[in-house]
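A short write-up of the structure that comes next.
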Amino acid sequence: DIQMTQSPSTLSASIGDRVTIICRASQSISDWLAWYQQKPGKAPRLLIHRASTLQSGVPSRFSGSGSGTEFTLTISSLQPDDFATYYCQQCKSYSWTFGQGTKVEIK
Amino acid sequence: EVQLLESGGRLVRPGGSVRLSCVASGFSFSTNAMSWVRQAPGKGLEWVAAINAGGGTTQYIDSVKGRFTLSRDNSKNTLYLQMSSLRAEDTAVYYCAKDILEWTLRGFFDSWGQGTLVTVSS
């Protein structure tokens, strides 16, 4: 199985900060990568797919980049609604796998 | 509006069985692949199983192969996950998720249900 590793595991930031989360795959996945946001007690929400395609309805402060084995999720200006846990996920090959998550906390 | 409503989660003894259901509305269920994704308490997300639009192709994570069976009834807009030989490590919230593309198993999930909790404990 392809292993997905996110860094950092926890991130403390302030409103207005630029935030970057890294996701690394154990082998090349081309651009078959998604990013999800999850808030406590809620289902995940798709933010980005195909590594850089913004899902409909997602604010433009979210962006994704990368291909192969290294990917980034960037929030250009952190808003109060963005404090949550973020997961990357590959669907290049079965079993589809998620990263362990990055919790974005208020600094 | 896309809606996915899971049900069937409960407390079950190790070795027992349970069937989860997910009723879909607001989109063309019969033309979309579907998956189940689970989340153990306080842990991350784990994809469990996927089924194509017609129901003829299924994929499973290794840890549930031979124990879980994924199926669908397109006439009822319903997805099922039959879970047997349950283990403590199967304890999780189980989410039903819709694939972003029609017809194909792609693996990007653009809509999720609210989840149903399965607890495996004696």
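Protein sequence lines, in the order shown, are assigned to chains A and B. Under the working numbering, the first residue of the first sequence is numbered 1200, with each subsequent residue one higher. Under the working numbering, the first residue of the second sequence is numbered 34, with each subsequent residue one higher. All C-beta atoms, glycine included, are put in the ideal place defined by N, C-alpha and C. Treat the numbers as computed from the prediction; the structure is a model and nothing was measured.
So that I know if they touch, is there some Cβ in chain A lying closer than 8 Å to that of residue i?
{"i": "W80/B", "result": "yes"}
{"i": "I84/B", "result": "no"}
{"i": "Y128/B", "result": "yes"}
{"i": "R105/B", "result": "no"}
{"i": "R69/B", "result": "Before going further, note that residue 69/B is Trp rather than Arg in the sequence given. So no, W69/B is outside the interface."}
{"i": "D123/B", "result": "no"}
{"i": "W145/B", "result": "yes"}
{"i": "Q36/B", "result": "no"}
{"i": "F141/B", "result": "yes"}
{"i": "G48/B", "result": "no"}
Between residue i and residue j, which are expected to be in contact by the criterion C-beta below 8 Å, what is the C-beta distance as a whole number of angstroms?
{"i": "Q1205/A", "j": "G1298/A", "result": "4 Å"}
{"i": "G49/B", "j": "T149/B", "result": "No, G49/B and T149/B are not in contact; Cβ-Cβ is about 16 Å, not under 8 Å."}
{"i": "G146/B", "j": "Y128/B", "result": "6 Å"}
{"i": "A17/B", "j": "N110/B", "result": "In the structure as shown, chain B starts at 34 and stops at 155, and residue 17/B therefore has no counterpart that could be examined."}
{"i": "V45/B", "j": "L119/B", "result": "6 Å"}
{"i": "A130/B", "j": "F142/B", "result": "4 Å"}
Does any C-beta atom of chain B lie closer than 8 Å to the C-beta of residue i?
{"i": "P1279/A", "result": "no"}
{"i": "R1290/A", "result": "The sequence given here places Cys at residue 1290/A; Arg does not occur at that position. Yes - at least one Cβ of chain B is within 8 Å of the one on C1290/A."}
{"i": "G1300/A", "result": "yes"}
{"i": "P1243/A", "result": "yes"}
{"i": "A1212/A", "result": "no"}
{"i": "Y1293/A", "result": "yes"}
{"i": "Y1286/A", "result": "yes"}
{"i": "T1296/A", "result": "yes"}
{"i": "Q1254/A", "result": "yes"}
{"i": "A1283/A", "result": "no"}
{"i": "A1233/A", "result": "yes"}
What residues in its chain sit with their C-beta under 6 Å from that of residue i, if we drop five residues either side in the sequence?
{"i": "E1269/A", "result": "R1223"}
{"i": "M116/B", "result": "V51 and F101"}
{"i": "T1219/A", "result": "T1271 and T1273"}
{"i": "A57/B", "result": "L37 and N110"}
In its own chain, which residues sit with a C-beta less than 7 Å from the C-beta of residue i, not counting the 5 before and 5 after it?
{"i": "S1292/A", "result": "I1201"}
{"i": "W80/B", "result": "S68, V70 and I94"}
{"i": "W136/B", "result": "T64 and A86"}
{"i": "S1294/A", "result": "D1200"}
{"i": "L1245/A", "result": "A1233, Y1235 and Q1254"}
Would you call the CB atoms of residue i and residue j closer than 8 Å?
{"i": "I1247/A", "j": "G1263/A", "result": "yes"}
{"i": "L1277/A", "j": "W1234/A", "result": "no"}
{"i": "A83/B", "j": "S68/B", "result": "yes"}
{"i": "I1221/A", "j": "Q1289/A", "result": "no"}
{"i": "V1303/A", "j": "A1283/A", "result": "yes"}
{"i": "L78/B", "j": "Y1286/A", "result": "yes"}
{"i": "D1230/A", "j": "A1212/A", "result": "no"}
{"i": "L114/B", "j": "L38/B", "result": "no"}
Tell me which same chain residues have a C-beta within less than 8 Å of the C-beta of residue i, skipping the five on either side of it?
{"i": "S155/B", "result": "R46 and P47"}
{"i": "P1243/A", "result": "Y1235, Q1236, Q1237 and Y1286"}
{"i": "S1208/A", "result": "Q1299, G1300, T1301 and K1302"}
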